[in-house]
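J.: To start, I am sharing the structure in question, which I have written as structure tokens.
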Amino acid sequence: MQSWIKWDQIEWEIVNENISRKVVIREKIMMVMYKFKPNVVWPEEKHEAEQGGYIIDGKIILRLPDEKKEVLLSKGDGYLIGSNMSHSWETLDEDVIFIDIFSPPRKELIKNKFAPYAKNRS
């Protein structure tokens, strides 16, 4: 595998009616570019993988219940979530494009078993 990524050369994979993604995986790291529709709620979860991300366009509300924090993240903002740290988030009234990075890779995302989790808020 190459050591660089040209996101515009990777096709969008349609996950469900609310989510599209582009996935790049190495042995110990996984990057996913997501496109979420407005008003999508991702329920609280935690996982072994550490997670980092960057908002390319749009806004999300990130909730960290273990820290009793909620923050609005916009274009240019990022986040770091530790292993087994509870978190959830939702999109607002616009499409959102962001990159998630996981280490180690999340096998359940590779197999696309997460799709039922994200629900439309309305």
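Residue numbers (the working numbering): -11 to 110. Ideal Cβ placement from N, Cα and C applies to all residues, glycine included.
(1) Give the range of the beta strand (DSSP E) segment to which Leu61 is assigned.
(2) On the three-state DSSP scale, how would you describe Pro92?
(3) Residues in the same chain with beta-carbon distance under 6 Å from Ile89, minus the five sequence neighbours each way, listed in chain order, please.
(4) Note down, in chain order, each residue of its chain lying with its Cβ closer than 7 Å to the Cβ of Tyr42, except the 5 sequence neighbours on either side.
(5) Leaving out five residues before and five after Arg51 in sequence, what residues of the same chain have Cβ atoms less than 7 Å from its Cβ?
(6) Whose CA, out of Glu38, Gly46, Trp(-8), lies closest to the CA of Lys16?
(7) Spatial neighbours of Pro53 within its chain, please: CB distance less than 7 Å, with the 5 preceding and 5 following residues excluded, ordered by chain position.
T.: Considering the structure as presented:
(1) Taking the first residue of the sequence shown as 1, we reach residue 61 at position 73. Per DSSP, Leu61 belongs to the beta strand (DSSP E) from 57 to 62.
(2) Counting from 1 along the sequence shown, the entry for residue 92 is found at position 104. It is coil, neither helix nor strand.
(3) Taking the sequence shown and counting its residues from 1, the one referred to as residue 89 is at position 101. The answer, listed in chain order, is Met19, Gly40.
(4) Residue mapping note: residue 42 aligns to position 54 of the sequence shown, counting from 1. Answer for Tyr42: Gly66, Phe86, Ile87, listed in chain order.
(5) Counting from 1 along the sequence shown, the entry for residue 51 is found at position 63. Excluding sequence neighbours, Arg51 sits near Glu58, His75, Ser76, Trp77.
(6) Locating residue 16 in the sequence shown gives position 28, where the first residue counts as 1. Selected option, being the one with the closest Cα: Glu38.
(7) Reading the sequence shown from its first residue, position 65 is the one you call residue 53. Around Pro53: Glu32, Ser74.
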